[in-house]
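In the order they appear, the protein sequences are chains A and B.
For the record, in the first sequence the residue sitting at position 209 is 189 according to the working numbering, with numbers rising by one throughout.
For the record, in the second sequence the residue sitting at position 22 is 2 according to the working numbering, with numbers rising by one throughout.
Don't be surprised by glycine CBs; every beta carbon is placed ideally from N, CA and C.
There are 2 protein chains.
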Amino acid sequence: MKNPRDENELIRRIERRFPALKSKVLRLRLGDDAALWPPRPGYETILTCDWFLEDSHFIRGEHPADAVGWKCLARAVSDVAAMGGEPRCFLLSLALPVELTGKWLDGFLRGLRRAAQALRCELAGGDTTRQERVSINIAVIGEVKRGRAVLRSGARPGDLVFVSGIPGEAALGLELLKEAGSTQRRARGALQKHLYPEPRIPLGQLLANEGLASAMIDVSDGLSSDLARLCEASGVGAVIAPGALPRLKGISEAKAAQLALNGGDDYELLFTVKPQERRHLKKSLRTFNKIPVSFIGEITKGTKLRMVNAEGTTEELLQSGWDPFRNR
Amino acid sequence: MKNPRDENELIRRIERRFPALKSKVLRLRLGDDAALWPPRPGYETILTCDWFLEDSHFIRGEHPADAVGWKCLARAVSDVAAMGGEPRCFLLSLALPVELTGKWLDGFLRGLRRAAQALRCELAGGDTTRQERVSINIAVIGEVKRGRAVLRSGARPGDLVFVSGIPGEAALGLELLKEAGSTQRRARGALQKHLYPEPRIPLGQLLANEGLASAMIDVSDGLSSDLARLCEASGVGAVIAPGALPRLKGISEAKAAQLALNGGDDYELLFTVKPQERRHLKKSLRTFNKIPVSFIGEITKGTKLRMVNAEGTTEELLQSGWDPFRNR
């Protein structure tokens, strides 16, 4: 498709790709100064936003445009899942070079629309401008039943620590993307996970609505770093057993352990449960057998983070996940 | 102040600069996966976002850091004012180079906090990351009484066109900033307007709550372009008399006319009023004598935009305001 003539034409092109959902979430969408949204009685509004920047969060030549579109929304929605809420609508801020307003933009909007439909999160509005490199910012508006949101700060000593999915899988997918020949069968799941992550909305809602989780966070920067954030917010420590995590396949044991603890971009849920709720959790998850949930450790007094290694001794768990102001 | 050690320290530094407002707008602020906000019964939620990018919207060496902080929030809040609503809280997305996380960030946060207090718009959360140039995105959440929002699409033939303030003043301020010696007395007002614009929240609320405006938009890209947007959304044309606009002082008549019609960044309100409401408007504005409001033209049938020039003849009004995908 040809590049648009001006900003109005660019906006109209985006509008056409996002017909209003049947849900009629919004009273006023694109094309005015702002969007109008009627909140539901009995619910609180969840507000969150996420950067998705070229060369930081994706590489233009390596990541397909439609994966960029999918992932920028999925990772922002993951923060809503981590509160136990459901997404309702989002604002798209898009800065891009003029030469990307044709084919690349088409692919991007295709992926974004697929994510919007899959996650039931409607495009409410946004802002477009021109820049040498692609910058994307997504603000998501969600809802959660009043008083039901699960915070990071509710973990107490003795609570059990659980994580969904296969931590490190997305990081493995990124490694495979960088290698040639990443189409091998064993790689497909991990590559899919890296390119098209699925925020755990139904699991988060189950844990919130049934009062099962005492604290919750999504694993976006790596298990070690996000566990540290949850513990800091709760004023507690933790001890985990990396051996209890699902084993990443097709790579060495050492590499697998490193990715599972420190790999980013999984968008799985890390949560704590009171010991007396363990049976309740097990029962609830039985009717919810879509994704694995692993018991990996326990919340402790103090503020230390430790892990039980293969020899059965404990050592300090270092926070080695992604930090834009520390790493590189 | 020294640069922060990691992202957590950077976030804590931002938190300390934004103590919670007494209004207690938010149930949960910074430091969790997302913010939680209890909407007021009887109100609709307004959602809007705006880019503020280095080299597009500001120049690091020319614009003081605290003006960047003020203006990024003020221009996003202006979209809420243009609906007739009031801002409630905002999300700050900030990408910046590590070397700006000390003194520059301090100045930026000082200006941002001043704006947040002046505009009664509380920091709810956000996202920080690292980038070579400064990118800012602000998402504002506001409220408006149910059914009272003023849209762009309500103008009808015969409605009268009004604009607040002195269109072109901010563009004049930018020209003076680029020149040396901009400290001359005549320049101060315009420079202030360019660096620290004030969105017209009380005026917008007055026009919405009293049912005075049939359509409204904020003048952000230039009067000619924003009038065209309002007319397009309403399916109407307009004829305006540039001679009815307040005269910009200290520059040639031709230059003043050009800036008044096409200069951006004013964040004034452009609105239409039914002829039978003109006396009501006049009366309401009498008790509201803070900013000038000028009657500048009329909405017409068709879709043409025209202006009455100094000779009394009409000619086409060209849309020559700012457009990132057309200009340069």
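C-beta atoms of residue i and residue j nearer than 9 Å
| i | j | result |
| --- | --- | --- |
| G275/B | V141/B | One detail in the question is off: residue 275/B reads as Phe in this sequence, not Gly. Yes, these two residues count as a Cβ contact at 9 Å. |
| D12/B | S144/A | no |
| T280/A | A14/B | no |
| R(-3)/A | F32/A | no |
| A135/A | A221/A | no |
| S58/B | Y247/B | yes |
| R110/B | F305/A | yes |
| L99/A | L157/A | no |
| L225/B | L297/B | no |
| P272/A | I181/A | no |
| G215/A | A62/A | no |
| E24/A | P19/B | yes |
| K284/B | G138/B | no |
| G223/B | V288/B | yes |
| S115/A | S232/B | no |
| S264/A | L171/A | no |
| P77/A | E112/A | yes |
Within chain B, partners of residue i - CB distance below 7 Å
| i | result |
| --- | --- |
| W31/A | S73, A75, D107, T109 |
| A104/A | L27 |
Contacts of residue i in chain A (Cβ-Cβ under 9 Å)
| i | result |
| --- | --- |
| W84/B | Near W84/B there are no residues of chain A at all, since even the closest Cβ is about 14 Å away, more than 9 Å. |
| S36/B | A75, T109, R110, Q111 |
Listed by chain order, chain B residues near residue i by CB distance under 8 Å
| i | result |
| --- | --- |
| E(-5)/A | What E(-5)/A touches in chain B: nothing, since even the nearest Cβ is about 12 Å away. |
| D95/A | Reading off the sequence shown, one finds Ala at residue 95/A, where the question assumed Asp. The premise fails here: A95/A is roughly 18 Å from chain B at the closest Cβ pair, so nothing lies under 8 Å. |
| V78/A | F305 |
| A150/A | Ordered by position in chain B, no residue passes the 8 Å Cβ test against A150/A, which lies about 18 Å from the chain. |
| P21/A | P21 |
| L(-10)/A | F305 |
Listed by chain order, chain A residues near residue i by CB distance under 8 Å
| i | result |
| --- | --- |
| D12/B | M63, L131, R132, S133, A213 |
| A15/B | I26, L27, T28 |
| P18/B | E24, T25, R126 |
| E(-13)/B | D303, P304, F305, R306 |
Chain-ordered neighbours of residue i on chain A, where CB pairs are closer than 7 Å
| i | result |
| --- | --- |
| P(-16)/B | F305 |
CB-CB length for residue i against residue j, believed under 8 Å
| i | j | result |
| --- | --- | --- |
| G22/B | A188/B | Contact doesn't hold; Cβ gap of about 14 Å is too wide. |
| I26/B | V124/B | 6 Å |
| N(-17)/A | T81/A | 5 Å |
| A218/B | L203/B | Incorrect: roughly 11 Å between the Cβ atoms, too far for contact. |
| G244/A | A96/A | Wrong, their Cβ atoms sit about 23 Å apart, outside the cutoff. |
| L228/B | E155/B | Actually they are not in contact, since the Cβ atoms of L228/B and E155/B sit about 10 Å apart, beyond 8 Å. |
| S200/B | D303/B | Wrong, their Cβ atoms sit about 12 Å apart, outside the cutoff. |
| L250/A | L192/A | Wrong, their Cβ atoms sit about 14 Å apart, outside the cutoff. |
| V120/B | P67/B | 5 Å |
| V60/B | G153/B | V60/B to G153/B, Cβ: 23 Å. No contact. |
Contacts of residue i in chain B (Cβ-Cβ under 9 Å)
| i | result |
| --- | --- |
| E66/A | The premise fails here: E66/A is roughly 12 Å from chain B at the closest Cβ pair, so nothing lies under 9 Å. |
Any non-hydrogen atom of the ligand ZN closer than 8 Å to residue i Cβ
| i | result |
| --- | --- |
| A135/A | What this structure holds is no ligand at all, so the ligand ZN is not there to describe. |
Residues of the region 38 to 63 of chain A with Cβ closer than 7 Å to any Cβ of chain B, in chain order: For the region 38 to 63 of chain A, residues whose beta-carbon sits nearer than 7 Å to a beta-carbon of chain B comprise D59, V60, A62, M63.
Members of the region 192 to 219 of chain B that neighbour chain A once the beta carbon cut-off is set at 7 Å: Within the region 192 to 219 of chain B, the residues whose Cβ lies closer than 7 Å to some Cβ of chain A are I197, D198, A213, listed in chain order.
Interface positions of the region 110 to 126 of chain A facing chain B (Cβ-Cβ less than 7 Å), listed along the chain: Answer in chain order: R110, Q111, S115, N117, A119, I121.
Meets three-Cβ-pair contact criterion under 8 Å: the region 221 to 237 of chain A and the region 248 to 260 of chain A: With the cut-off at 8 Å, the region 221 to 237 of chain A and the region 248 to 260 of chain A do not touch.
Residues in the region 230 to 248 of chain A having any Cβ partner in chain B nearer than 8 Å: Against chain B - using a Cβ distance shorter than 8 Å - the region 230 to 248 of chain A contributes no residues.
Touching by the beta-carbon criterion (3+ pairs, under 8 Å), the region 103 to 110 of chain A and the region 67 to 87 of chain A: Yes: the two stretches touch, three or more of their Cβ pairs being nearer than 8 Å.
Positions along the region 267 to 296 of chain A whose CB lies within less than 7 Å of some CB in chain B: From the region 267 to 296 of chain A, no residue has a Cβ closer than 7 Å to chain B.
Near-chain B residues of the region 168 to 190 of chain A (beta-carbon distance less than 9 Å), N- to C-terminal order: Of all residues in the region 168 to 190 of chain A, none comes within less than 9 Å of chain B when Cβ atoms are compared.
Validate contact between the region 45 to 52 of chain B and the region 39 to 54 of chain A using beta carbons, cut 8 Å, 3 pairs: Flag = no, the region 45 to 52 of chain B and the region 39 to 54 of chain A do not touch.
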